[in-house]
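Those protein sequence lines, which keep their order, are chains A and B.
Heads up: the first sequence begins at 1 in my numbering, then just goes up one per residue.
Heads up: the second sequence begins at 323 in my numbering, then just goes up one per residue.
Shown next, in structure tokens, is the structure this report addresses.
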Amino acid sequence: MPILDELKAAIAKRLPELDVVIGWGKGFDALHHTPVFITSEADLDKLELGPLSVQNLATYLTRYPKTKKIGVVVKGCDSRSVVQLLQEKLINRENVVVFGFPCEGVVDLEKVKRALEGQGMEIARVSEATFQGERCTLTTGGKAGSLPMADLWADKCNRCQYHDAVMSDEFVGQRLDRKAEDAYADVAAFEAKPLAERQAFWQEQMSRCIRCYACRNACPLCVCRDQCIAQTREPNWVSQRTGVEEKFMFQMIHASHLAGRCTECGECERACPVGIPILLLKRKNNKEVLELFDYRAGIDPEAKPPLLAFKVEEEKINERGW
Amino acid sequence: MSKELRIIGFLCNWCSYGGADTAGVGRFTQPTDLRIVRLPCSGRIDPLFVLKTLTGGADGVLVSGCHPRDCHYSEGNFYARRRLEMVKRFLPVIGIDPGRFEYTWVSASEGQRWQTVVRGFTEQIHALGPIQRFGKDAAATAAQLAASHA
């Protein structure tokens with residue numbers, strides 16, 4: 001049985017006890033999936049699953065009151081967000097049903113766009129997209145073109161260590177048990193550049209920022225919502241000015257508040273309308289958390305985030321070093 | 323020492339602020355680049371204080387609290403230690419020299435140690451020179467600095 005049918009069956013089984021199940025469905029064009037909110041059996045036909053199921057649906061969990069019974073379909077990376085939310089008691093374990101499946105990866109539409117442009121095709125005109133094994137076939141204006149999938153996977157998928165959900169109540173399909181290495185090579189490569197160049201890089205990137213806060217709103221762990229300090233006037237952490245300092249200050253707030261919590265689902269970067277590589281800041285923090293505290297966010301629901309705890313003698317902090 | 327730079331010190335009320343006071347009472351001479359902000363505890367320090375101060379134009383930030391195990395509130399500085407270490411390690415990725423930020427522990431009786439800390443840190447910041455302000459044109463800043471030194 002195809003995974004999608006298995007998933008539908010699993011959801012149908014649990015649906016009577018749930019208020020809503022969040023999954024992916026057809027989007028506005030052939031290359032997009034969009035979140036769908038399933039409340040009845042009839043809605044099940046809307047479900048889709050595949051390399052276009054990009055959004056991290058865990059983001060929606062904290063949008064509902066804790067008393068609502070919610071089902072959510074998760075990829076491996078998304079399941080880590082759920083675990084992290086459980087750790088911080090932002091959701092109720094009894095009121096959440098997690099549907100996991102073996103995720104092969106998702107496509108990065110920016111990469112699709114660039115690859116298509118290389119072949120003289122426009123992404124906006126793609127009328128049909130099929131993903132089969134190693135290749136992806138796209139039809140524009142009656143003409144079919146084929147691209148190797150290897151070029152299209154999102155960066156996070158190429159270094160994915162959790163293809164199968166780390167936690168699930170219902171798991172459909174065969175586990176992949178695949179694990180890539182992630183030694184934070186991208187962070188190390190960036191930090192090998194001279195300091196001034198790094199600063200210039202952010203200055204250039206952040207100059208494009210339009211302060212839409214899409215990165216924040218897409219983040220499953222940005223839960224302050226209306227209390228976000230970026231929008232308060234007292235204290236005024238970020239002013240209304242449009243300078244690069246203000247924009248960058250917001251990214252530093254975002255990164256600091258996610259230190260030791262970020263599960264690297266990459267939603268911030270995907271949601272960014274101007275393509276600023278902000279995941280790098282979060283990965284930097286995660287790299288340090290891993291080095292200092294041997295800790296990865298969103299793996300164990302019982303663990304305590306390292307920045308909410310301490311040891312009297314820290315093994316890896318050289319506090320008297322200077 | 324060359325022209326004065328701007329260094330912000332976040333000091334805990336119970337130990338380091340007292341330590342700085344002891345240094346003053348003991349007439350230990352120290353460089354005058356440091357401006358002190360007094361806080362109830364080093365645990366009160368939000369890592370964003372450091373980031374905002376550095377991107378806001380300060381050339382260096384020094385945080386000083388009670389020695390671990392000596393915190394007035396028992397465990398404030400334990401939490402602070404983890405957070406401060408994280409900020410320090412975060413700085414390189416945004417293009418700020420991690421040497422511009424240090425945290426240390428000075429107790430109220432350690433006037434002598436306070437003098438050593440302030441001297442050492444001020445020297446360190448002077449070695450690094452004025453900070454390149456984020457969001458400001460590099461060439462313009464360089465020209466401005468050259469003019470101010472002339």
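Beta carbons: idealized from backbone N, C-alpha and C, even for Gly.
Within chain B, Tyr-401, Arg-404, Arg-405, Met-408 have C-beta atoms less than 9 Å from the C-beta of A/Leu-307, given in sequence order. The beta-carbon of B/Pro-353 is placed no less than 8 Å from the nearest beta-carbon of chain A.
Those residues of the region 374-389 of chain B placed with their C-beta closer than 9 Å to a C-beta in chain A are Lys-374, Thr-377, Gly-378, ordered along the chain. Membership of A/Lys-111 in the alpha helix (DSSP H) is indicated by the continuous run 109-118. When the Cα atoms are used, B/Pro-369 and A/Gln-205 turn out to be separated by approximately 23 Å. Neighbourhood of B/Gly-365 in chain A, by CB distance below 9 Å: empty, with the nearest CB roughly 10 Å away. Taking 8 Å as the threshold, the shortest C-beta distance from A/Val-312 to chain B falls below it.
With respect to the 8 Å criterion, B/Phe-400 and B/Val-359 are not classified as neighbours on the basis of their beta carbons. Contact with chain A is found for B/Ile-416, since one of that chain's Cβ atoms lies less than 8 Å from the residue's Cβ.
Of the candidates A/Cys-103, A/Gly-50, A/Leu-176, A/Tyr-64, A/Gly-50 places its Cα closest to the Cα of A/Thr-130. For the options A/Gly-105, A/Ile-11, A/Lys-89, the alpha carbon positioned closest to that of A/Ile-70 is the one of A/Ile-11. At the C-beta level, A/Asp-29 and A/Val-126 come within 8 Å of one another.
Chain-ordered, the chain A residues with CB closer than 7 Å to the CB of B/Arg-411 read Glu-288. A check of alpha carbon separations from B/Gly-340 across B/Gln-434, B/Ala-449, B/Asp-355 identifies B/Gln-434 as the nearest.
In this structure, the beta-carbon distance from A/Gln-84 to A/Thr-232 does not fall below 8 Å. Exclusion of the five residues before and after B/Pro-362 leaves Asn-335 as the residues of its chain whose Cβ lies within less than 6 Å of its Cβ.
If you compare the alpha carbons of A/Asp-164, A/Gly-173, A/Ala-185 with that of A/Asp-155, the shortest gap goes to A/Ala-185.
Contact between A/His-254 and A/Cys-215 holds, since their C-beta atoms are separated by about 7 Å, short of 8 Å.
Residues of the region 431-459 of chain B with a C-beta atom less than 7 Å from some C-beta of chain A are Gln-454, Phe-456, Gly-457, listed in chain order. Close CB contacts of A/Cys-209 within its chain, under the 7 Å cut and outside five residues either way in sequence, are with Lys-247, Val-274, Ile-276 (chain order). The beta carbons of A/Val-98 and A/Val-82 sit about 6 Å from each other, so the pair counts as a contact at 8 Å. Within the region 182-201 of chain A, the residues whose Cβ lies closer than 8 Å to some Cβ of chain B are Val-187, Phe-190, Glu-191, Leu-195, Ala-196, Glu-197, Arg-198, Gln-199, Ala-200, Phe-201, listed in chain order. Within the region 143-171 of chain A, no residue has a Cβ lying closer than 7 Å to any Cβ of chain B. A/Phe-250 does not reach chain B, its nearest Cβ partner there being about 11 Å away, counting only Cβ pairs nearer than 7 Å. DSSP places A/Val-126 in the strand class (E or B) of the three-state scheme.
Below the 7 Å Cβ cutoff, chain B contributes Gly-457 as neighbours of A/Gly-243, in chain order.
Between A/Gln-203 and A/Val-238, the C-beta gap is not smaller than 8 Å, which leaves the two residues out of contact. Taking the C-beta atoms as reference points, A/Asn-92 is found nearer than 8 Å to A/Lys-66. Fully contained in the region 379-417 of chain B are the following alpha helix (DSSP H) runs of length 4 or more, in chain order: 398-412. Contact between the region 158-166 of chain A and the region 137-147 of chain A is absent: fewer than three C-beta pairs spanning the two stretches fall below 8 Å. Residue ranges of uninterrupted alpha helix (DSSP H) with 4 or more members, entirely inside the region 255-299 of chain A and ordered along the chain, are 267-271, 279-293. Distance between B/Ala-449 and B/Tyr-395, taken at the CA atoms: about 36 Å.
Using a Cβ distance threshold of 8 Å, A/Thr-59 and A/Pro-220 count as a contacting pair. The Cβ-Cβ distance between B/Ile-447 and B/Ile-367 does not fall below 8 Å. About 6 Å separates the Cβ atoms of A/Ala-259 and A/Leu-307, confirming a contact at the 8 Å cut-off.
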